[in-house]
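A.B. asks: Numbering (my numbering), first residue to last: 1 to 91.
Glycine is no exception: its CB is placed at the ideal position from the N, C-alpha and C atoms.
From a predicted model like this one, the values you see are computed outputs, not experimental measurements.
There's a structure below that I have some questions on.
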């Protein structure tokens, strides 16, 4: 299953708050995108903006319109995945 993880990066004295999206290509190469926190959205929306940036920046042909999401294990962001990987498909 392919998953895209996000995490919130707090503001510093020189940079505003950001959201980083990251995953690993099927080849094993990591890919990332970091965007300013989109304050016009709620928290989930700001994290999804980072997912959209990751897909666009890396020219990925992924349909993200039906992604599922949940809190990340570390509590710092979200994990987005595609609905094509389902427990019900296991035999």
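Which of the three DSSP states is assigned to residue 38 in this structure?
C.D. replies: The sequence position of residue 38 within the chain shown is 38, counting from 1. The answer is coil: DSSP assigns residue 38 none of H, G, I, E or B.
A.B. asks: Would you check if the segment 10 to 20 and the segment 35 to 43 touch, i.e. whether three or more CB-CB distances between them fall below 8 angstroms?
C.D. replies: yes
A.B. asks: Please state the DSSP three-state secondary structure of residue 80.
C.D. replies: Here the question's residue 80 lines up with position 80 in the chain shown. It is a strand residue.
A.B. asks: Do residue 11 and residue 35 have their beta-carbon atoms positioned less than 8 angstroms apart in this structure?
C.D. replies: To locate residue 35, count along the chain shown from 1; it is residue 35. To locate residue 11, count along the chain shown from 1; it is residue 11. Not a contact, by the Cβ cut-off of 8 angstroms.
A.B. asks: How would you label residue 24, buried or exposed, when you count the other beta carbons within 10 angstroms and need 16 or more for buried?
C.D. replies: If you number the chain shown from 1, residue 24 lands on position 24. Classification for residue 24: exposed.
A.B. asks: When the Cα of residue 84 is compared with those of 67, 6, 26, 46, which residue comes out closest?
C.D. replies: Along the chain shown, read from residue 1 onward, the residue named residue 84 stands at position 84. Taking only the C-alpha atoms, the option nearest residue 84 is 67.
A.B. asks: Suppose contacts are defined by Cβ-Cβ distances below 8 angstroms. Is residue 33 in contact with residue 57 by that definition?
C.D. replies: Position 33 of the chain shown, counting from 1, holds the residue named residue 33. Position 57 of the chain shown, counting from 1, holds the residue named residue 57. Closer than 8 angstroms, so yes.
A.B. asks: Would you tell me roughly how many angstroms separate the C-alpha atoms of residue 29 and residue 70, rounded to the nearest one?
C.D. replies: The count along the chain shown starts at 1 and reaches residue 29 at position 29. The count along the chain shown starts at 1 and reaches residue 70 at position 70. Distance between the alpha carbons of residue 29 and residue 70: 24 angstroms.
A.B. asks: Ignore the nearest five residues each way along the sequence and tell me which others in residue 95's own chain have a CB closer than 6 angstroms to its CB.
C.D. replies: For residue 95 there is no data in the structure shown, the boundaries of the chain being 1 and 91.
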